[in-house]
Amino acid sequence: MTRKIADETDRRILRELLADARITNNDLAERVGLSASPCLRRLRRLEETGVIRGYTALIDPAVEGWTMTAIATVRLSRQHEDEIVMFEQAIRGWDEVLECHLVTGSRDYVLKVMSAGLEQYERFIKEKIARLKCVASIETSFVMNTIKERRI
Numbered sequence: 026m027t028r029k030i031a032d033e034t035d036r037r038i039l040r041e042l043l044a045d046a047r048i049t050n051n052d053l054a055e056r057v058g059l060s061a062s063p064c065l066r067r068l069r070r071l072e073e074t075g076v077i078r079g080y081t082a083l084i085d086p087a088v089e090g091w092t093m094t095a096i097a098t099v100r101l102s103r104q105h106e107d108e109i110v111m112f113e114q115a116i117r118g119w120d121e122v123l124e125c126h127l128v129t130g131s132r133d134y135v136l137k138v139m140s141a142g143l144e145q146y147e148r149f150i151k152e153k154i155a156r157l158k159c160v161a162s163i164e165t166s167f168v169m170n171t172i173k174e175r176r177i
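Taking my numbering as reference, the numbering of the sequence shown is continuous, increasing by one, and the terminal residue is 177.
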């Protein structure tokens, strides 16, 4: 099996891309101490092996009118495959849900949800989450301030 990250140079490439994914290959090569061609070959290999899964833009949520972030924990009534599939399919279709994680412990899922405010969040809970027959309980905490946010 081929290692996906060959060495420290690959790690430097990834760190530079995390800081600025729009960096030109020439600038990237200069920052990591390579010439342009070997840098591009490494970059392509990192993409082809799935280390780099894609490139994206980070957009201010307020542009969409989303000014409030909530962390919701959800417990299903049963952990049968049909209920799990029902819940996960529904979540995938809701724009308000930015992240959904299956977790261990007393809850089954942790969701990061954004909305325009408390009324919209309440509507989301009542009209979407609570209508799923597989949901036994929902507990919400509202984010007051984000201290650290890092994407990898």
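Think of the CB as a built atom: it goes at the ideal place given N, C-alpha and C, for glycine as much as any other residue.
Cβ pair residue i, residue j closer than 8 Å
i, j, result
"residue 30", "residue 99", "no"
"residue 44", "residue 51", "no"
"residue 113", "residue 149", "no"
"residue 41", "residue 28", "no"
"residue 123", "residue 160", "no"
"residue 138", "residue 126", "no"
"residue 107", "residue 67", "no"
Closest Cα partner of residue i within the set the options
i, options, result
"residue 46", "59, 72 and 82", "82"
"residue 103", "52, 122, 131 and 76", "131"
"residue 93", "152, 54, 147 and 157", "147"
"residue 85", "157, 164 and 141", "141"
"residue 170", "111, 152 and 96", "96"
"residue 72", "152, 91 and 38", "38"
As assigned by DSSP and simplified to three states, the class of residue i
i, result
"residue 43", "helix"
"residue 122", "strand"
"residue 115", "helix"
"residue 168", "coil"
"residue 138", "strand"
"residue 127", "strand"
"residue 109", "helix"
"residue 163", "strand"
"residue 148", "helix"
Close-in-space but distant-in-sequence residues of the same chain around residue i (CB under 7 Å, 5 per side omitted)
i, result
"residue 26", "In this predicted model, residue 26 has a pLDDT of only 41, less than 50, meaning its place in the structure is not dependable; the value taken from the coordinates is given anyway. Within the same chain, residue 26 has no close Cβ partners at all."
"residue 128", "134 and 135"
6 Å CB neighbourhood of residue i in its chain, flanking five on each side removed
i, result
"residue 166", "96"
Cβ neighbours of residue i in the same chain (closer than 8 Å, five flanking residues each side left out)
i, result
"residue 59", "34 and 67"
"residue 78", "none"
"residue 64", "38, 50, 53, 54 and 57"
heavy atom of the ligand MG below 7 Å from residue i C-beta
i, result
"residue 100", "Ligands displayed in this structure: none; no statement on the ligand MG is therefore possible."
Any C-beta of chain D under 8 Å from that of residue i
i, result
"residue 52", "Of the protein chains in the structure, only one exists, and it is not chain D."
Which runs of the beta strand (DSSP E) spanning at least 3 residues fall entirely within the stretch 46-102, listed in chain order? If we require 3 residues or more, the beta strand (DSSP E) runs fully inside the stretch 46-102 come out as 93-101.
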